[in-house]
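Reviewing the structure listed below.
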Amino acid sequence: MSAVPGSAGARAGRFGLARRVITGWALLGGVLLVVIALMNTWSVVSLTLLNFPVPGDFELVEIGVAVAAFSFLPYCQLTGANVTADIFTSGASPVWVAVFTLLAALAAMFFSVLLIWRMSDGMFSYIEYQEVTTILNIPRWLAFPPILISLALLVMAAAITLTEAVRDVRKTV
37 MSAVPGSAGA
47 RAGRFGLARR
57 VITGWALLGG
67 VLLVVIALMN
77 TWSVVSLTLL
87 NFPVPGDFEL
97 VEIGVAVAAF
107 SFLPYCQLTG
117 ANVTADIFTS
127 GASPVWVAVF
137 TLLAALAAMF
147 FSVLLIWRMS
157 DGMFSYIEYQ
167 EVTTILNIPR
177 WLAFPPILIS
187 LALLVMAAAI
197 TLTEAVRDVR
207 KTV
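The numbering of the sequence shown is the working numbering, which starts it at 37 and goes up by one.
Spelled out as structure tokens, the structure:
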């Protein structure tokens, strides 16, 4: 049984592995946020009841939330869950909607490549200067590898959405 071209089944087959990896990465980001919330809750409860918070809890929250937020970007790009200005396209023809979608995919590709370049440079600076967090002495560069993985997946998601946008423009023209 083959999927109809352009259907969800056809899209899943063509980029299925990439979509599963991106979805799994976003789910890991969600798990990380749950762990951070539990740790933060434990810190507040232990401070209240035992007068002893989790040492460096705000450092762990800072790093964890940054990593989690970046893990959601590829999924948002892939599923079209980014912020859009639908007011401009609500009355537009399918051709213009496809063109705007293509332009948005191009912008996402450009900015994802720019981000991966600058964030990798930032990581190497943190490695060079050996900056650590104040309380736990966690090397700051350790947050960057999962962020860079997220950005690489964002490049992949942008490439997928760009490919699909080109296909959609060709169909509507």
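The beta-carbon is built from N, C-alpha and C at its ideal position, and this holds for glycine as well. Note that this is a predicted model, so its numbers are computed, not measured.
A direct Cα-Cα distance of roughly 15 Å separates threonine 137 from phenylalanine 147. The beta carbon of valine 101 sits closer than 8 Å to the beta carbons of Leu69, Ile72 from its chain, once the five residues preceding and following it are set aside; these are given in chain order. Only residues of its own chain outside the window of five on either side were considered, and among them Ile58, Ala193 have a CB closer than 6 Å to the CB of leucine 114, listed in chain order. Taking C-beta atoms as the reference points, glutamate 167 and proline 175 count as a pair closer than 9 Å.
Tyrosine 111 and alanine 62 do touch by the CB rule: their CB atoms are close to 4 Å apart, below 8 Å. Valine 168 sits in a strand when the DSSP states are folded into three classes. Note on proline 182: 16 or more other CB atoms within 10 angstroms of its CB, so buried under the neighbour-count rule. In the structure shown, the three-state DSSP call for proline 130 is helix.
When DSSP states are grouped into helix, strand and coil, proline 89 belongs to the coil group. Under the 8 Å Cβ criterion, the segment 117-127 does not count as touching the segment 86-96, having fewer than three qualifying pairs.
Here the alpha carbon of leucine 74 sits roughly 11 Å from the alpha carbon of aspartate 93. Secondary-structure assignment with DSSP links proline 175 through a beta bridge to Val168.
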